[in-house]
Amino acid sequence: MLPPFTLDADGATLSVRVTPKASRSALTGVVPLGNGTTALALRIAAPPVDGAANAEVVRFVAKQLGIAKGKVTIVKGETARVKQVRITGDPAVLAAALQALAAG
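Counted from 1, the sequence shown has number 72 at position 72 by our numbering; the numbering is strictly sequential.
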């Protein structure tokens, strides 16, 4: 199974599947997507209204990786459950952190 992220020279792109309006924000594992790839499954406490859930995704991912929120942006899927999240930084450091995150 492929990891839910790809690395490049400037950082990483992470696939996430978001479930909004959860009782609390949490990572629930790695889920397969229909196209043969995977995504991190996130439960997000914020509702999908006025970008609140997207802001919480950015905050949650940054907190889990121990980086600034400014280094995390949603680049695709702002209105969808499956999103592509861009993370800028050292690819080697991000690879280790993302592998640990995906492992649970």
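Cβ coordinates follow ideal geometry from the N, Cα and C atoms, glycine included.
All values derive from a computational prediction rather than experimental measurement.
Per the DSSP secondary-structure output, Q64 pairs with nothing in a beta bridge. For L98, there is no enclosing beta strand (DSSP E); the residue is part of the alpha helix (DSSP H) that begins and ends at P91 to A103. In this structure, T13 places its C-beta atom within 9 Å of the C-beta atom of Q84. Taking every protein chain shown into account, the CB of P4 has 16 or more other CB atoms within 10 angstroms, so this residue is buried. For the region 3 to 27, the continuous beta strand (DSSP E) assignments of 3+ residues that do not extend past its boundaries occur at 5 to 8 and 11 to 19, in sequence order. It is roughly 5 Å from the alpha-carbon of G11 to the alpha-carbon of G89. When the Cα atoms are used, K69 and T28 turn out to be separated by approximately 21 Å.
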